[in-house]
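Peer 1:
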Amino acid sequence: MSAPERIPPRSVTTPRTPAELLAKGELTVRGRIQEASNAALYCTVSYEGQEAACIYKPVAGERPLWDFPDGTLAEREVAAYEVSEATGWGLVPPTVLREGPYGEGMCQLWIDVAADGGAGLLALVESEEPAPGWKAIAFAEVGEGKTALLVHADDERLRRLAVLDAVINNADRKGGHLLPGDEGRLYGIDHGVTFNAENKLRTLLWGWAGEPLTPEAVEMLTGLRSALAEGAALAERLAELVTADEIEATRVRVDALLSSGRHPEPSGEWPSIPWPPV
2 MSAPERIPPR SVTTPRTPAE LLAKGELTVR GRIQEASNAA LYCTVSYEGQ
52 EAACIYKPVA GERPLWDFPD GTLAEREVAA YEVSEATGWG LVPPTVLREG
102 PYGEGMCQLW IDVAADGGAG LLALVESEEP APGWKAIAFA EVGEGKTALL
152 VHADDERLRR LAVLDAVINN ADRKGGHLLP GDEGRLYGID HGVTFNAENK
202 LRTLLWGWAG EPLTPEAVEM LTGLRSALAE GAALAERLAE LVTADEIEAT
252 RVRVDALLSS GRHPEPSGEW PSIPWPPV
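Taking my numbering, the leading residue of the sequence shown gets 2, the next gets one more, and so forth.
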């Protein structure tokens, strides 16, 4: 992801939470993310002396998807953030639904990518088995009739994201949607095609497929099941963003993960890896 030159934040006297800043601040469009498939605008948001960079995706700039006919991509992005916050893992940057210069849309805090650009998360290797510290994804054609093994790091941050994706039914977890931030944080972005009631999980993070969930993940999922119960705050919030059938399907996925105690495996009914993968 590229953007115009970063605008440094102004000094502040009363710090605001990122979500409050995004929701209440004045949006100023600075440029457009050219490679985005839907309208994605690079902006600054200012409120009571505080300023930050953000991404604003207006609903008016969305292309309709036949298999996601209900609601909007923006609402699904916010729903993914709400579930991420409920996990306690903070895997999605602060995201809100608000009015902007081009109407209602999703507004998400801009993440400055770490200096190494995520080196060490994904790789292509000329072997049939991954090296220690890596997990196999699939073989990929690399030209001239040759193939290479696509691998991802055996990294607990990625493993948490794989669990989140299984919960929200992410149909598009590409390499470019992984943002390593400062202080070792890892974020996932672009969650517009999530929460479908039908199983549509497509991801690069299949390295743990069929393996037992970590005790941490089981504990998180147990708490999430309670948070998704009818009348619970998370369930009420999701009802503003996705359909009742999609919320029920999310409950079913959480129950299935807890029942099996394992990471999901590709169904074999459709391509399990998004295209392009990066």
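We put the CB at the ideal spot given by N, CA and C, even for glycine. Please read these numbers as outputs of a predicted model, since none were measured by experiment.
With a CB to CB cut of under 6 Å and the five nearest residues on each side skipped, what residues in its chain are close to residue 264?
Peer 2: In the sequence shown, counting from the first residue as 1, residue 264 sits at position 263. If we look at residue 264 and ignore the five residues flanking it on each side, its Cβ neighbours are 209, 210, 212.
Peer 1: List, from N- to C-terminal side, the alpha helix (DSSP H) runs of 4 residues or more that fit wholly inside the stretch 140 to 181.
Peer 2: List check, alpha helix (DSSP H) in window: 157 to 169.
Peer 1: Along the chain, where does the alpha helix (DSSP H) containing residue 248 start, and where does it finish?
Peer 2: On the sequence shown, position 247 is the one that residue 248 refers to. 245 to 261 is the span of the alpha helix (DSSP H), which, as asked, contains residue 248.
Peer 1: Is residue 137 helix, strand or coil by DSSP?
Peer 2: As a working note, residue 137 is residue 136 in the sequence shown. Note: residue 137 maps to strand in three-state DSSP.
Peer 1: Can you check whether the CB of residue 40 is closer than 7 Å to the CB of residue 62?
Peer 2: Numbered from 1 along the sequence shown, position 61 holds the residue referred to as residue 62. Numbered from 1 along the sequence shown, position 39 holds the residue referred to as residue 40. Yes, the pair counts as a contact, with Cβ atoms nearer than the cut-off.
Peer 1: Counting along the chain, where does the beta strand (DSSP E) carrying residue 88 start and finish?
Peer 2: Translated into positions along the sequence shown, residue 88 becomes position 87. From DSSP, residue 88 is part of no beta strand (DSSP E) but of the alpha helix (DSSP H) over 74 to 88.
Peer 1: Please identify the residue among 238, 159, 196 whose C-alpha is closest to the C-alpha of residue 218.
Peer 2: Along the sequence shown, read from residue 1 onward, the residue named residue 218 stands at position 217. Comparing Cα-Cα distances from residue 218 to each of 238, 159, 196, the minimum goes to 159.
Peer 1: Measure the alpha-carbon distance for residue 157 versus residue 85 and round it to whole angstroms.
Peer 2: One-based indexing of the sequence shown puts residue 157 at position 156. One-based indexing of the sequence shown puts residue 85 at position 84. Distance between the alpha carbons of residue 157 and residue 85 is about 16 Å.
Peer 1: Could you check what DSSP says for residue 186 in three-state terms: helix, strand or coil?
Peer 2: Taking the first residue of the sequence shown as position 1, residue 186 is located at position 185. Reduced to three states, the DSSP call for residue 186 is coil.
Peer 1: What does the alpha-carbon distance come out to for the pair residue 30 and residue 48?
Peer 2: To locate residue 30, count along the sequence shown from 1; it is residue 29. To locate residue 48, count along the sequence shown from 1; it is residue 47. Cα to Cα, residue 30 sits roughly 15 Å from residue 48.
Peer 1: Which word fits residue 256, buried or exposed, when buried means at least 16 other C-beta atoms lie within 10 angstroms of its C-beta?
Peer 2: Position 255 of the sequence shown holds residue 256. Classification of residue 256: exposed, given that the 10 Å Cβ count is below 16.
Peer 1: I'd like to check one pair, residue 99 with residue 24: are the Cβ atoms closer than 7 Å?
Peer 2: To locate residue 24, count along the sequence shown from 1; it is residue 23. To locate residue 99, count along the sequence shown from 1; it is residue 98. A contact, by the Cβ cut-off of 7 Å.
Peer 1: Between residue 268 and residue 207, what straight-line distance do the alpha-carbon atoms span, to the nearest angstrom?
Peer 2: Here residue 268 corresponds to residue number 267 of the sequence shown, with the count starting at 1. Here residue 207 corresponds to residue number 206 of the sequence shown, with the count starting at 1. Approximately 12 Å between the Cα atoms of the pair.
Peer 1: Does the count of Cβ pairs from the stretch 232 to 251 and the stretch 134 to 148 closer than 8 Å reach three?
Peer 2: With a cut-off of 8 Å, the stretch 134 to 148 and the stretch 232 to 251 do not count as touching, because too few Cβ pairs lie within range.
Peer 1: Between the C-alpha atoms of residue 21 and residue 96, what's the straight-line distance to the nearest angstrom?
Peer 2: Numbered from 1 along the sequence shown, position 20 holds the residue referred to as residue 21. Numbered from 1 along the sequence shown, position 95 holds the residue referred to as residue 96. When rounded, the distance between both Cα atoms is 10 Å.
Peer 1: Starting from residue 1 and walking both ways along the beta strand (DSSP E), at which residues does that stretch end?
Peer 2: Any answer about residue 1 is impossible in this case: the structure gives the chain only from 2 up to 279.
Peer 1: Return helix, strand or coil for residue 24, following the three-state DSSP convention.
Peer 2: By 1-based counting over the sequence shown, the position of residue 24 is 23. The answer is helix: DSSP assigns residue 24 an H, G or I state.
Peer 1: Within 10 Å of its beta-carbon, does residue 112 have 16 or more other beta-carbons around it, so buried, or fewer, so exposed?
Peer 2: Within the sequence shown, residue 112 is the residue found at index 111, counting from 1. Answer is buried; the Cβ neighbour count reaches 16.
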